[in-house]
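To start, the structure under review is shown below, and the notes come after it.
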Amino acid sequence: MGQPVTEISTSAREAIAEALNQAVAETAVATMLAQNFHWNVKGMAFGPLHTLFQTLYEDHFVAQDDLAERIRALDCHAEGQLAGMLKRSKISEHDGHQSDKEMIKILLDAQEQLSATLSGLEHVSAENGDSLTEDLAIERGRTHEKFAWMLRAHLA
Numbered sequence: 001m002g003q004p005v006t007e008i009s010t011s012a013r014e015a016i017a018e019a020l021n022q023a024v025a026e027t028a029v030a031t032m033l034a035q036n037f038h039w040n041v042k043g044m045a046f047g048p049l050h051t052l053f054q055t056l057y058e059d060h061f062v063a064q065d066d067l068a069e070r071i072r073a074l075d076c077h078a079e080g081q082l083a084g085m086l087k088r089s090k091i092s093e094h095d096g097h098q099s100d101k102e103m104i105k106i107l108l109d110a111q112e113q114l115s116a117t118l119s120g121l122e123h124v125s126a127e128n129g130d131s132l133t134e135d136l137a138i139e140r141g142r143t144h145e146k147f148a149w150m151l152r153a154h155l156a
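When we follow full-length UniProt numbering, the leftmost residue of the sequence shown carries the number 1, and every step to the right adds one.
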């Protein structure tokens, strides 16, 4: 079992918050990416992709809040500026002019990046005795791996 937040050193909390802010940034960009593609997808698979992309952005919107609230629980600052999130994120925006298959591939790459980022968050949290953030990272990582699988299945 980890230690209470009050017993985690300031430097450890800051390291964890930095990893959390990376996850928030990438989740925010992935949210907008999925919503953009939800609005702009077309083709024979419009219906199921429109629905899947909505499922992604609705999940991600809630996840942003969960991750940011964990930063605040650590008594650190949650990045709230879109410009800062875009600069920090390893996931890029797109203009929504992609084909349905390109959209799927872009969202698949985003899910895989989120999973990798959350794995890093899990590691830094475990190293610093923050089992609650570690648990959140594992839970979110599983979610993104499931979304990656669902998107990958569309490309098979």
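Glycine residues also receive a C-beta, built at the ideal position from the N, C-alpha and C atoms.
With 16 as the cutoff for other CB atoms within 10 Å, does residue i come out buried or exposed?
i	result
Val41	buried
Phe46	exposed
residue 168	Residue 168 lies beyond the residue range present for the chain, which begins at 1 and ends at 156; the question has no answer from this structure.
Glu79	buried
I'd like the list of long-range same chain contacts for residue i, defined as Cβ closer than 7 Å, with 5 residues on each side in sequence excluded.
i	result
Ala73	Val5
Ala110	Ala30, Leu33, Ile91
Ser125	Ile16, Thr133, Glu134, Ala137
Taking only three categories from DSSP, how would you classify residue i?
i	result
Asn40	helix
Ile138	helix
Gly84	helix
Ser92	coil
Glu7	helix
Gln98	coil
Ala156	coil
Gly129	coil
Is it the case that the Cβ atoms of residue i and residue j are separated by a distance below 7 Å?
i	j	result
Ala17	Ile71	yes
His50	His60	no
Leu155	Leu107	no
Please return the same chain residues whose Cβ sits closer than 8 Å to the Cβ of residue i, not counting the five positions on each side in sequence.
i	result
Ala23	Leu67, Leu114, Thr117, Leu118, Leu121, Ala137, Arg140
Leu82	Ala28
Spatial neighbours of residue i within its chain, please: C-beta separation below 6 Å, excluding the five flanking residues on both sides.
i	result
Gln3	Gly129
Glu145	Ser115
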